[in-house]
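Okay, so here's the structure we're looking at.
In the numbering used here, the protein residues as written are 115 to 389.
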């Protein structure tokens with residue numbers, strides 16, 4: 115249904131700027147996004163409130179949640195459990211809030227198995243050199259720890275290509291806008307109404323995933339191509355461009371843009387181009 119939120123699994127290397135992007139996204143779009151709250155067995159720190167920073171649990175309570183299947187994922191770190199409560203996330207999605215879950219890649223894959231329409235987004239720095247510079251600028255870690263993070267990051271990048279999207283965080287505002295566009299477009303292409311309006315929806319998504327057997331179906335390199343083309347076309351429509359499909363004054367520019375792509379009125383040329 116179109117009135118259900120999107121679960122965004124956000125992963126990335128330490129120093130890539132995930133936290134900054136998330137905070138700015140929530141600030142820029144109030145009421146649309148919530149940051150997932152984890153359950154943990156560690157003791158609350160000064161100023162932390164149960165249900166705000168974390169859901170604080172005893173070890174027996176947490177292990178009971180594991181046995182009951184009440185967690186989307188969980189892990190043990192420094193002798194404490196951490197996990198994502200399933201009910202809280204599903205309740206937020208049902209209330210049409212987009213839930214952001216910051217988690218490592220392996221946890222992201224676990225989430226994808228349980229919630230297939232979750233959107234996996236990897237935030238990366240422009241280069242390892244820039245990543246090192248950002249970590250050194252923090253001044254909170256030793257050179258040895260930074261080197262360990264860099265090496266671990268190189269391993270993570272091997273798996274990052276399996277994510278739905280990779281955002282290179284050069285500019286925070288642009289990264290925020292790109293992440294918001296990704297969520298908006300995925301909401302559009304997920305709706306049952308859109309599927310019924312466009313019988314070729316399945317063929318298009320198969321082409322997006324490189325699985326199309328229809329020789330006449332245009333080859334789309336990635337879902338990123340659709341997001342970028344639709345976003346760019348929507349801006350043109352806002353600026354006064356003439357729609358190429360039937361619509362009325364109540365139609366959202368992004369919806370019209372995606373309609374144009376589905377009906378092949380707009381042809382995707384590359385990752386961020388269309389005509």
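Even for Gly, the Cβ is constructed at its ideal location relative to N, Cα and C.
Per DSSP, what kind of secondary structure is residue i in: helix, strand or coil?
i: residue 164; result: strand
i: residue 327; result: In this prediction, residue 327 has a pLDDT of 43, which is less than 50 and means its spatial position is unreliable; what the coordinates show is noted afterwards. The answer is coil: DSSP assigns residue 327 none of H, G, I, E or B.
i: residue 355; result: coil
i: residue 246; result: helix
i: residue 367; result: helix
i: residue 208; result: helix
i: residue 192; result: coil
i: residue 284; result: coil
i: residue 197; result: strand
i: residue 229; result: coil
i: residue 219; result: helix
i: residue 117; result: coil
i: residue 384; result: Residue placement at residue 384 is flagged as unreliable, the pLDDT there being 45, under the threshold of 50; the coordinate-derived value follows with that caveat. DSSP places residue 384 in strand when its eight states are reduced to three.
Can you name the start and end residues of the alpha helix (DSSP H) that residue i belongs to?
i: residue 258; result: 257-274
i: residue 174; result: 173-182
i: residue 137; result: 132-142
i: residue 126; result: That residue, residue 126, is in no alpha helix (DSSP H); its beta strand (DSSP E) goes 121-126.
On the DSSP letters alone, give me the boundaries of the beta strand (DSSP E) that residue i sits inside.
i: residue 237; result: 233-238
i: residue 154; result: 152-154
i: residue 147; result: 147-149
Would you mind giving the Cβ-Cβ distance between residue i and residue j, rounded to the nearest angstrom? I have them listed as a contact below 8 Å.
i: residue 249; j: residue 125; result: Wrong, their Cβ atoms sit about 17 Å apart, outside the cutoff.
i: residue 186; j: residue 225; result: 6 Å
i: residue 289; j: residue 283; result: 5 Å
i: residue 212; j: residue 156; result: At roughly 27 Å, the Cβ-Cβ gap does not stay under 8 Å, so residue 212 and residue 156 are not in contact.
i: residue 122; j: residue 260; result: The Cβ separation is near 28 Å, so there is no contact.
i: residue 216; j: residue 163; result: That pair is no contact at about 19 Å.
i: residue 134; j: residue 286; result: 6 Å
i: residue 199; j: residue 170; result: Actually they do not touch by this definition, with Cβ atoms about 12 Å apart.
i: residue 374; j: residue 347; result: 6 Å
i: residue 293; j: residue 139; result: 6 Å
i: residue 368; j: residue 297; result: Not a contact, Cβ separation roughly 11 Å.
i: residue 120; j: residue 366; result: Going by Cβ atoms, the distance from residue 120 to residue 366 rounds to 16 Å, so no, they are not a contact pair.
Please confirm whether any heavy atom of the ligand NAD lies closer than 6 Å to the CB of residue i.
i: residue 274; result: Ligands are entirely absent from the displayed structure, and the ligand NAD is therefore not among its contents.
Examine chain D for any beta-carbon lying closer than 7 Å to the beta-carbon of residue i, and answer yes or no.
i: residue 265; result: The chain inventory of the structure shown lacks chain D, comprising one protein chain alone.
Is the region 199-216 touching the region 146-163 in the sense that three or more CB pairs, one from each, lie closer than 8 Å?
Result yes; three or more Cβ-Cβ pairs closer than 8 Å.
Check whether the region 234-243 and the region 267-279 touch, using three or more Cβ-Cβ pairs below 8 Å as the test.
Yes, the region 234-243 touches the region 267-279.
Would you call the region 169-186 and the region 239-253 touching, i.e. three or more CB-CB distances under 8 Å?
Flag = no, the region 169-186 and the region 239-253 do not touch.
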